[in-house]
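Residue numbers (our numbering), protein chains in the order written: chain A, 488 to 638; chain B, -2 to 185. Note that beta-carbon positions come from the ideal geometry of N, C-alpha and C, so glycine has one too. Quantities reported herein were computed from a predicted structural model and do not represent experimental measurements. Input: a single structure, listed below in structure tokens.
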């Protein structure tokens, strides 16, 4: 830095203010499109600002001649919990009902098969006999056909 | 907490200077507009619930940081990171008197001649050019201290440096401007 170019504090301040004033004048000559884009940016920013949390009162009562609002966050939180819990409970109840009904239907089907086997002319123990199984594989069609003709 | 209208009024009061400040740094209108818009959004989204008197300091800090982020991104992209000392100072030698230009305001005739308007415009351009030629820290300190009219402590807080550094930056900036403007015949 050139030591011969030192300025007094007052001179520094005066010069700085004059330059700042010139810069302010320059602001007035900003192009219209720049001003418009700045205005649009400002509008977007204001629209995007963080909104404060609104606390809603759920009731009101008169206490010593004064209207007191009550409820607010605690009650709202309770109803919020309930609001999310009830659908879950309904879902579990529905799943339980579907499970029970399916079990009943399966039991009915097995029971009807058992009943058909037990009421048939052929005893169920016949199906455990290896000779009978071989008879079914080899000659079932013929015997079935013969029985049909006999009928 | 600042209301919507207070926030809007505040942004309106600083937006043009913020744009110019960014422009002096980045020298690109679109980039400067992006920086100002980002700064406005950050202020509104993160500090929109602050009292209105806290907004100026917050905004200046955000604007400085956003400008710095822009330079970092540019550097990352291997774009030109401006060498602040590389400037041509011989391109304009018009003879203007800063004080003469300044006296045009109140009490004088309100209608300027075309020549006067051109001279004033050129004078402002010369000053803005010299502002851009300052080293970045000196320019930031000068603009915050004398244009945004922050005090030394506030300027130091925004710039993240000591008050002594702010005084040094401002002093050197003014000396450089004085020397450059005198060399161009713009005698303050």
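| said: According to DSSP, is residue 36 (chain B) part of a helix, a strand, or is it coil? | reply: Of the three classes helix, strand and coil, the one that applies to residue 36 (chain B) here is helix, per DSSP.
| field | chain B residues whose Cβ lies nearer than 8 Å to that of residue 516 (chain A) | value | Under the 8 Å cutoff, chain B gives 118 and 121.
| request: In the DSSP assignment, find the alpha helix (DSSP H) that holds residue 510 (chain A) and state where it starts and stops. | output: Segment 496 to 515, the alpha helix (DSSP H) holding residue 510 (chain A).
| said: Which residues in chain B have a C-beta closer than 7 Å to the C-beta of residue 499 (chain A)? List them in chain order. | reply: Simply 168 and 171.
| said: On the CB-based measure, 16 or more other CB atoms within 10 Å of its CB, does residue 527 (chain A) come out buried or exposed? | reply: By the Cβ neighbour-count rule, residue 527 (chain A) is exposed, with fewer than 16 other Cβ atoms within 10 Å of its own.
| task | Check the Cβ of residue 580 (chain A) against every Cβ in chain B and list those closer than 8 Å, keeping chain order. | result | Chain B residues near residue 580 (chain A): none, gap ~43 Å exceeds 8 Å.
| request: Taking the CB atoms as reference points, tell me whether residue 135 (chain B) and residue 170 (chain B) lie closer together than 7 Å. | output: Less than 7 Å divides the Cβ of residue 135 (chain B) from the Cβ of residue 170 (chain B).
| query | Leaving out the 5 sequence neighbours to the left and right, which residues in its chain are closer than 6 Å to residue 0 (chain B) when beta-carbon positions are compared? | reply | Annotation for residue 0 (chain B): no residue places its beta carbon closer than 6 Å to its own, counting only its chain and skipping 5 residues before and after.
| task | On a CA-only basis, which of B:68, B:69 and B:8 is nearest residue 53 (chain B)? Give me that one, please. | result | When only C-alpha atoms are compared, the closest one is B:8.
| Contacting positions in the segment 25 to 38 of chain B - beta carbon closer than 8 Å to chain A | Among the residues of the segment 25 to 38 of chain B, those with a Cβ less than 8 Å away from any Cβ of chain A are 26, 30, 33, 34, 37 and 38, in the order of the chain.
| message | Quick check: what's the CA-CA separation for residue 111 (chain B) versus residue 121 (chain B)? | response | Near 15 Å, if we compare the C-alpha coordinates of residue 121 (chain B) and residue 111 (chain B).
| Short-range partners of chain A found in the segment 54 to 68 of chain B, where Cβ spacing is below 9 Å | Within the segment 54 to 68 of chain B, no residue has a Cβ lying closer than 9 Å to any Cβ of chain A.
| request: From the DSSP output, in three-state form, read off residue 182 (chain B) for me. | output: Three-state DSSP puts residue 182 (chain B) in coil, outside helix and strand.
| field | For residue 51 (chain B), three-class secondary structure by DSSP | value | The DSSP-derived three-state label of residue 51 (chain B) is helix.
| Given 8 Å as the limit, is there contact between the segment 55 to 72 of chain B and the segment 149 to 163 of chain B, that is, 3 or more CB pairs closer than that? | Under the Cβ criterion (8 Å, minimum of three pairs), the segment 55 to 72 of chain B counts as touching the segment 149 to 163 of chain B.
| field | Alpha-carbon spacing of residue 10 (chain B) relative to residue 179 (chain B), whole angstroms | value | CA-to-CA, the gap between residue 10 (chain B) and residue 179 (chain B) works out to about 32 Å.
| request: Note down, in chain order, every chain B residue with its Cβ under 7 Å from the Cβ of residue 535 (chain A). | output: Here the neighbours are 38, 41 and 42.
| said: Against chain A, does residue 131 (chain B) count as a neighbour if the rule is that its beta carbon must be under 7 Å from one of theirs? | reply: The beta carbon of residue 131 (chain B) sits no closer than 7 Å to any beta carbon of chain A.
| Going along the chain, which residues of its own chain have a beta-carbon closer than 6 Å to the beta-carbon of residue 32 (chain B), five neighbours each way excluded? | Cβ neighbours of residue 32 (chain B) beyond the five flanking positions: 19, 63, 64 and 67.
| Beta-carbon spacing of residue 38 (chain B), residue 535 (chain A) below 7 Å | The beta carbons of residue 38 (chain B) and residue 535 (chain A) sit closer together than 7 Å.
| Shorter than 7 Å from the beta carbon of residue 509 (chain A) to some beta carbon of chain B? | Contact with chain B is found for residue 509 (chain A), since one of that chain's Cβ atoms lies less than 7 Å from the residue's Cβ.
| Every unbroken alpha helix (DSSP H) inside the segment 120 to 144 of chain B [4 residues or more] | Secondary structure remark: continuous alpha helix (DSSP H) runs of at least 4 residues inside the segment 120 to 144 of chain B, in chain order: 133 to 139.
| task | Check residue 70 (chain B) in the structure and name its three-state DSSP category. | result | In this structure, DSSP gives residue 70 (chain B) a helical state, which the three-state scheme calls helix.
| field | Rounded C-alpha distance that separates residue 591 (chain A) from residue 585 (chain A) | value | Near 10 Å, if we compare the C-alpha coordinates of residue 585 (chain A) and residue 591 (chain A).
| Sorted by chain position, which residues of the same chain lie with C-beta nearer than 8 Å to residue 505 (chain A)'s C-beta, five sequence neighbours on each side aside? | For residue 505 (chain A), where only same-chain residues beyond five positions count, there are no Cβ hits under 8 Å.
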